[in-house]
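Take a look at the structure set out below.
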Amino acid sequence: MLDVRKHLKDCTTLRALSVTQLSALAQLCQLLTISRGTSVYYASDEPRYVYLVAEGRVRICHIDESGKQSILLLVQPGQLFGELAVCLNGSREERGETTEDSKIVAIPTDKLRQVIRENAELSFDMLSLFSVRRQATERRFKCVLFQ
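All letters in the sequence shown, in the order written, are residues 263 to 409 by this note's numbering.
Structure below.
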């Protein structure tokens with residue numbers, strides 16, 4: 263649990279967690295060791311977790327019907343991914359896959375959602391994460407559109 267607490271504490275997006283919230287959340291998280299090239303989640307998976315890269319890297323990608331893969335995001339240590347699970351119901355639309363041997367913290371979506379409701383600063387930090395990722399996606403889309 264100490265490793266999980268340290269990783270949660272080192273995440274910029276989760277910096278607003280109180281000591282009590284951090285400890286309670288850490289007790290419910292799982293620290294996963296995942297080999298390179300392994301999926302953390304698939305597009306069809308029910309979003310029960312939001313993930314934090316503790317070590318390694320993860321690519322978020324979309325695969326169309328013909329099997330063509332589009333990389334949407336590369337996630338670095340200390341960053342969250344699969345964060346839309348706190349807002350949306352139903353299955354995911356993308357896949358998360360490790361690009362190297364990685365350690366990933368699996369944060370239960372329902373518990374994170376509860377903590378976000380209790381902590382206005384954390385709510386703002388999550389909203390900021392959504393906004394930054396949306397802006398990056400829009401920039402990439404515009405580059406492709408105007409090429």
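Where is the CB? At the ideal position from N, CA and C, for every residue including glycine.
Short Cβ contact (9 Å threshold) for residue i with residue j
i: Val367; j: Tyr313; result: yes
i: Arg267; j: Leu284; result: yes
i: Leu287; j: Leu374; result: yes
Cβ separation of residue i and residue j, assumed to be a contact under 8 Å, to the nearest whole Å
i: Glu356; j: Leu334; result: 6 Å
i: Gly318; j: Lys365; result: 6 Å
i: Asp265; j: Gly340; result: Incorrect: roughly 14 Å between the Cβ atoms, too far for contact.
i: Val315; j: Thr361; result: About 10 Å separates the two Cβ atoms, so there is no contact after all.
i: Ile325; j: Gly358; result: So it is not a contact: roughly 12 Å between Cβ atoms.
i: Ser297; j: Asp363; result: 6 Å
Buried or exposed by the 16-neighbour rule on C-beta atoms within 10 Å, applied to residue i
i: Cys291; result: buried
i: Arg354; result: buried
i: Leu342; result: buried
i: Glu327; result: exposed
i: Ile303; result: The amino acid occupying residue 303 in the given sequence is Tyr; Ile does not appear at that position. It counts as buried.
i: Gln407; result: The sequence shown places Leu at residue 407, rather than the Gln named in the question. It is exposed - the Cβ of Leu407 has fewer than 16 other Cβ atoms within 10 Å.
i: Val394; result: exposed
i: Leu270; result: buried
i: Val281; result: exposed
Reduced DSSP category for residue i - H, G, I as helix; E, B as strand; rest coil
i: Thr295; result: strand
i: Phe343; result: strand
i: Ser393; result: helix
i: Thr275; result: helix
i: Gln289; result: helix
i: Ser328; result: coil
i: Arg354; result: coil
i: Thr360; result: strand
i: Ile379; result: The question names Ile, but residue 379 in the sequence shown is Arg. Arg379 falls in the helix class under three-state DSSP.
i: Ser301; result: strand
i: Cys323; result: strand
i: Glu400; result: helix
#### Entry: the segment 310-324 / the segment 336-356 touching (three or more Cβ pairs under 8 Å)
yes
### the segment 273-288 touching the segment 384-397, judged by at least three CB pairs closer than 8 Å
yes
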